[in-house]
Structures are given as structure tokens and as C-alpha cells.
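Under my numbering, the first residue of the sequence shown is numbered -8, with each subsequent residue one higher.
Glycine included, C-beta positions come from ideal geometry on N, C-alpha and C.
A quick write-up on the structure given underneath.
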Amino acid sequence: MSTVIYPSPIFGPIHSRRLGISLGINLMPDDGKVCTFDCIYCECGYNKDFIPQHKRPSKEEVAKKLEEKLKEMHEEGVHPDVLTFAGNGEPTAHPDFEGIIEDTIALRDKYCPNAKVSVLSNATFCGKSAVFKALSKVDNNILKLDTVNATYINKVDRPTQPSYDVKQVIENIKAFQGHAIIQTMFMKGETEEGEDIDNTTEDFVKPWLEAVKYIAPSEVMVYTIDRETPDNKLQKASHEELDGIKERVIAMGIPCTASY
């Protein structure tokens, strides 16, 4: 099992399959993982295997380090396409998330006004007022919805909150009134315990499409496994399967991209 634990609070820039030249902002500790999901496909590994000893970076530290990096890139003539909140866990779990977003937008406007601010989130905290307000301000509010099947979610995404309810999450995403990008992982194979995790079949795709239509996001991103996963029996969805799903989303009038 190979895993990636990202530096904090700033890492990169790296090239993102979906976003271009991305400067990463990691609001979690630099020595472990803190997430409200424990996905079997997470490149950062399982929560239990990477319990951090360090603290999260403070709001002030994030702003200081981000400004230092943006100054450095500006002097080198390198400009990011996007400032991306990602890393070792769920970024919206940071207690000062809203303030950090406001600081980041101000620094973006000063040093790289053409860059987009993106957040990769599993949507678990979208129902919180401060998180909702913050995500409403970013350019790319990218929210995970791998399926609408609760059994599958508990088997693959494995929420750490017993109160997680995918139906409520769908309502929370819909509340953005189109200012949301749905991101969905499609994959095949089985778990190390032998449980089937193929969500490319019609039993999964059709109700997912119905939820996407109901939410009416500005865009959908479908993707598949690209890096090593903690559960090593997982398999990539094929180009043909992703393209077929993409075309069905586009047929509903919603832009969609597929990353293989």
C-alpha cells in the first residue's frame, strides 16, 4: 500500500488532471490524515493508519505561507490556474474555514487574479452555515457524490459520522442553486473482503443521474482510480464506461468531463 501525505499548509504546484496547474492548500496536519470519510480508494490511506501528532495550520499561518508562495511564483513568472483546497482530509472541517477562504480570495486577487479558487470537499459539512457561505464564494465548489446508495457509501466512502445521510447531502448540494460541481468516482472490482464495489452498472448509474438532474449543478466531473489505493483489489472503470456516463450527463444539458 503506497500512500501520500501532503505538506501543510501549502504544497505544489502540481498538475491536476481536472484543474490544470494547481497550488495546493492543505488545512490538515502535515503528518497525518483527518477526514470525515475513510474511503477505500483514498491516496492518503486509511484514517487509522495515519493519526497525526501535529496540529492543523492556523488561519494566520495559511495566509502567511500562501502569500510567500504566491510571491515566489510571481517572481518566477509562474502563475497557477487554480488554488486548490485539498490534501490530507476534509478541508471544510477546519474551524476557521470561512475566514481562510476570505483570506485566500484576497491573496488571489492581489497576486494571480486569473486563478480560480477551488475546494475539493466530500460535502459532509455543507449544511453548516459558515461552510455554506464560504463555498458559495469560491469559483469551483467541487462536491463529492459517488452514489446515492447508502449501503455502497458505507462500504466505500465510509463516513465517520453516524448521522451521515446521503439524502440530506443531496438537499444541501441542491441549496447552492447551481453553484456546485459534482465529482464522482466510478470504479470496479471488489474489496479485500470480497465485496463487489462496481458502481458503473445501471443499478447505480440511473439513480445517480436522477440525483444529478435534481441537483442541477453547473458541471459534473466523473473520474476513476489514478493512483495506488489502500485497498489494492480495486479496479479502474474503463474509458468506454466513463464516456458513456459522461454522455448521459451531457444529454441532460449539464456539462461533464471524464478523467481516466
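Exercise. Can the beta-carbon of Ile1 be found less than 9 Å from the beta-carbon of Ile12?
Worked result: no
For this session: Give the single residue among Thr83, Glu210 and Met64 whose Cα lies nearest to the Cα of Ala106.
Result: Relative to Ala106, the option among Thr83, Glu210 and Met64 whose CA is nearest is Met64.
For this session: Provide the residue span of the beta strand (DSSP E) that contains Lys107, from first to last.
Result: Counting along the chain, Lys107 sits inside the beta strand (DSSP E) bounded by residues Lys107 to Ser112.
Problem set entry | Outcome for Ile144 when other beta-carbon atoms lying within 10 angstroms are tallied against a minimum of 16 | buried
Exercise. How big is the Cα-Cα spacing for Val139 and Ala114?
Worked result: 13 Å
Exercise. Below 9 Å between beta carbons: does that hold for Lys119 and Gly90?
Worked result: no
For this session: List the DSSP bridge partners of Val211.
Result: Ile173 and Cys247
For this session: Report yes or no: do three or more beta-carbon pairs, one from the stretch 175 to 195 and one from the stretch 232 to 240, lie closer than 8 Å?
Result: yes
For this session: Identify, in the order they occur along the chain, each residue of the same chain with its Cβ nearer than 6 Å to the Cβ of Lys24, setting aside the five sequence neighbours on each side.
Result: Residues Cys35, Asn38, Phe41, Asn79 and Gly80 of the same chain have their beta carbon placed closer than 6 Å to that of Lys24, with the five preceding and five following residues left out of the count.
For this session: Identify which residue in Leu134, Glu66 and Arg218 has its Cα closest to the Cα of Ala166.
Result: Minimum Cα-Cα distance from Ala166 among the listed residues Leu134, Glu66 and Arg218 corresponds to Leu134.
For this session: Would you list the one or two residues that DSSP bridges to Glu162?
Result: Bridge partners of Glu162: none, in fact.
Exercise. Can you pull the DSSP bridge partners for Ile241?
Worked result: Partner(s): none; Ile241 has no beta bridge.
Exercise. Taking C-alpha atoms, which residue in Ile(-4), Pro153, Val73 and Lys124 lies nearest to Ile5?
Worked result: Val73
Exercise. Whose CA, out of Phe28, Asp130, Gln44 and Leu10, lies closest to the CA of Thr151?
Worked result: Phe28
For this session: Give the range of the alpha helix (DSSP H) segment to which Ala121 is assigned.
Result: Element bounds for Ala121: Ser120 to Lys128.
For this session: Quick one: using the 10 Å Cβ neighbour count with 16 as the cut-off for buried, is Met243 buried or exposed?
Result: exposed
Problem set entry | Strand pairing of Lys227, partner residues [DSSP] | Met178
Problem set entry | Spatial neighbours of Val(-5) in its chain, beta-carbon cut-off 7 Å, leaving aside the 5 residues before and after | Excluding sequence neighbours, Val(-5) sits near Glu34 and Cys35.
Problem set entry | For Asn131, the nearest candidate out of Ser(-1), Val122, Gly3 and Leu10 (CA to CA) | Leu10
Exercise. Helix, strand or coil: which one does DSSP assign to Val203?
Worked result: helix
For this session: Report the rounded CA-to-CA distance for Thr67 versus Glu238, giving the unit in angstroms.
Result: Thr is not the amino acid found at residue 67; the sequence shown has Glu there. So the alpha carbons of these two residues sit roughly 40 Å apart.
Exercise. Identify the residues that DSSP records as bridge partners of Thr95: which are they?
Worked result: Bridge partners of Thr95: none, in fact.
Exercise. Can you tell me whether Asp148 is buried or exposed, with buried defined as 16 or more other CB within 10 angstroms of its CB?
Worked result: buried
For this session: Compare the beta carbon distance of Tyr32 and Ile216 with 9 Å and say whether it is the shorter of the two.
Result: Result yes, Cβ atoms of Tyr32 and Ile216 sit closer than 9 Å.
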